[in-house]
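Asker: Residue numbers (our numbering): -10 to 152.
#1: If residue 19 and residue 65 are in contact, beta carbons under 8 angstroms, what's the gap, nearest whole angstrom?
#2: Straight-line CA distance for residue 58 to residue 27?
#3: Taking C-beta to C-beta, are residue 55 and residue 16 nearer than 8 angstroms?
#4: Indicate the three-state DSSP secondary structure (helix, strand or coil) for residue 141 in the structure shown.
#5: Expressed to the nearest angstrom, what Euclidean distance is found between the alpha-carbon atoms of residue 96 and residue 116?
#6: Give me the Cα-Cα distance between residue 124 and residue 99, rounded to the nearest whole angstrom.
#7: Can you find the residues in the same chain that come closer than 8 angstroms, C-beta to C-beta, to residue 69, ignoring five residues on each side of it along the sequence?
#8: Tell me the rounded alpha-carbon separation between residue 91 and residue 130.
#9: What did DSSP end up calling residue 118 once you bin it into helix, strand or coil?
#10: Let me know the secondary structure DSSP gives residue 32 once reduced to three states.
#11: Is residue 79 near residue 48, with beta carbons less than 8 angstroms apart?
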């Protein structure tokens, strides 16, 4: 997918370069035409005043076009430079994301392993406590049966010291 976007961008750049080359050729043609017109204007002729009136707006238009082209070329260079900078930043950020993801995965795996060990220890402790409780309950029942069998009455709640 990254290759597709790069090839699309490179194709777009190639088209822009082709357009710029075409505009450069057109400007060269306009400059040559303008130079011819200026040469003709400077040459003595019967219609020189009419020609000068028409040539000056053409010069202004040509200069305006040249300024627009130069400005466009500078803006395009700036955009291309910004795109390259953004690509470099994006690559750097992708690397950082991959590193952070790997670190996070490692931390998560370690936490899960620790929690699993704690859970196993708690299960083992609970099983031991249940075995102990069962054993004590069985012992208590055995004592209760022995007391009943011996006919000994259980003592009441508290003993008095002198009696």
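Note that beta-carbon positions come from the ideal geometry of N, C-alpha and C, so glycine has one too.
Answerer: Walking through what the data contain:
#1: Taking the chain shown and counting its residues from 1, one reaches residue 19 at position 30. Taking the chain shown and counting its residues from 1, one reaches residue 65 at position 76. Incorrect: roughly 20 angstroms between the Cβ atoms, too far for contact.
#2: As a first step, residue 58 must be located in the chain shown, where it is residue number 69. As a first step, residue 27 must be located in the chain shown, where it is residue number 38. So the alpha carbons of these two residues sit roughly 22 angstroms apart.
#3: For the purposes of this step, residue 55 is identified with residue 66 of the chain shown, where counting begins at 1. For the purposes of this step, residue 16 is identified with residue 27 of the chain shown, where counting begins at 1. Yes; because the gap between Cβ atoms is below 8 angstroms, this pair is in contact.
#4: For this step, residue 141 is matched to residue 152 along the chain shown. If DSSP states are grouped into helix, strand and coil, residue 141 belongs with coil.
#5: Start at 1 with the first residue of the chain shown, and residue 96 comes out as number 107. Start at 1 with the first residue of the chain shown, and residue 116 comes out as number 127. Taking the straight line joining both Cα atoms gives about 30 angstroms.
#6: The count along the chain shown starts at 1 and reaches residue 124 at position 135. The count along the chain shown starts at 1 and reaches residue 99 at position 110. Approximately 37 angstroms between the Cα atoms of the pair.
#7: Here residue 69 refers to the residue found at position 80 when the chain shown is read from its first residue. Closer than 8 angstroms at Cβ, skipping near neighbours: 2.
#8: The sequence position of residue 91 within the chain shown is 102, counting from 1. The sequence position of residue 130 within the chain shown is 141, counting from 1. Answer to the nearest angstrom: the Cα atoms are 58 angstroms apart.
#9: The residue given as residue 118 occupies position 129 in the chain shown. Residue 118 falls in the helix class under three-state DSSP.
#10: Residue 32 sits at position 43 when you count from the first residue of the chain shown. It is coil, neither helix nor strand.
#11: Translated into the one-based positions of the chain shown, residue 79 becomes position 90. Translated into the one-based positions of the chain shown, residue 48 becomes position 59. Taking 8 angstroms as the cut-off, the Cβ atoms of residue 79 and residue 48 do not count as close.
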